[in-house]
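Going by the numbering used here, the first sequence opens with residue 1, and the numbers climb by one from there.
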Amino acid sequence: MPELPEVERGRKIAELVATGQQVRRARCADDRIVFCDQSPRTVSNRLRGRTVRAACRHGKQLWLEFDQGPALLLHFGMTGSLHGYTTDPERPRFWKLELEFENGHRLAMPDPRRFGRIRLRNDPRGEPPVSLLGFDPLLEMPDFKGFKALIGRRSISVKGLLLDQGFCAGVGNWIADEILYQSGVAPQRPANELDDAELRAIRRCLGSIVRKAVAVDSVSDRLPRSWLFHHRWGKPEEAVTARGEAIRIETVAGRTTAWVPEVQS
DNA sequence: CTCAGTGTTCAGTG
DNA sequence: TCACTGAACACTGA
């Protein structure tokens, strides 16, 4: 479930493995779904011989910039990830893309369920999909006034708002639920009916939860036991939080939602 | 065998 | 214009 923290982990891997390195060889799987805008052949042809200048991220979008030519833009969908390795000659199972660098190190993106996307972009920040994204809560959290202004009079459920990538980029299903649990706000509440105290709590938790998940490299065992995250899966009827509060599972904003009526209102 | 789940988009409805 | 619903997408693993 790649949300912002997992994509950031991928960015760090790419930065470590690829920055300053020249692409000796680019292999692309024959997959017109994942390679949605340019053919796999076009992508490999455009990358060969290029030197990686930077690994960047906004929300769930990750891209490599080169010394020349278009950037390589990756989205992990539901099951994509990025692997860096030095010695293993085997591409990971379900690989879609593998870059091999001059020093022999490699970077690969597997994606078993093929909801991920690989594209080339001349101006990755200036054109869709990145240009359509809202603020990235790790990179550019707006102040409270700006945060409130972005919500405006929207009557969408607060969970739907948090999942809207055009509002805030990088939040996915479990992070949205975690924010609302820690903020004490029920997920189905209309965004424009929240008071300032609730909005402040949501803004603060959005920042702190994303920063914490990034700080532990999105290794779930290292997230606090007090988080809803550890207790929400499997959805048994009797699921409870670390404090013994009953967890309710229902659909909100079209997604499976875990929340705790006892603390969220 | 069935089905949940994961992120996103799109068609249809109100 | 806004928001919601449901379906579709592709596939694994329970």
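Every residue gets a Cβ at the ideal spot worked out from N, C-alpha and C, and that includes glycine.
Only a predicted model underlies this, so the values are computations on that prediction, with no experimental measurement involved.
Item: Tell me the DSSP secondary structure of Ser220 in three-state form.; Value: helix
Item: With contact counted as at least three CB pairs below 8 Å, one residue from each stretch, are the region 97-115 and the region 18-34 in contact?; Value: yes
Item: Is it the case that the region 116-125 contacts the region 181-190, given that we only count it when at least three CB pairs across the two stretches are under 8 Å?; Value: no
Item: Pick out whichever of Arg41, Val7, Gly69 has its Cα sitting closest to the Cα of Met78.; Value: Val7
Item: Could you pull the start and end residues of the beta strand (DSSP E) that Leu73 belongs to?; Value: 71-75
Item: Between Ser155 and the rest of its own chain, which residues show a CB-CB distance below 6 Å, the 5 nearest in sequence each way excluded?; Value: Pro190, Asn192
Item: Within 10 angstroms of its Cβ, does Ala242 collect 16 or more other Cβ (buried), or is it exposed?; Value: exposed
Item: Going along the chain, which unbroken runs of the beta strand (DSSP E) with 3 or more residues stay wholly within the region 67-132?; Value: 71-75, 83-85, 95-101, 106-110, 117-121
Item: Pull the bridge partners of Leu64 from the DSSP assignment, please.; Value: Ala55, Leu72
Item: Roughly how many whole angstroms lie between the Cα atoms of Ser44 and Ser131?; Value: 25 Å
Item: Between Thr256 and the rest of its own chain, which residues show a CB-CB distance below 6 Å, the 5 nearest in sequence each way excluded?; Value: none
Item: Which whole-angstrom value is the C-beta distance of Phe229 and Ser218, which I expect to be below 8 Å?; Value: Rounded, the Cβ-Cβ distance is 11 Å, inconsistent with contact.
Item: Bridge partners of Ile249, per DSSP?; Value: Ala258
Item: Have a look at the DSSP bridge pairing and note the partners of Ala18.; Value: Paired residues: none, contrary to the question.
Item: Tell me whether the beta-carbon of Leu107 lies closer than 8 Å to the beta-carbon of Val17.; Value: yes
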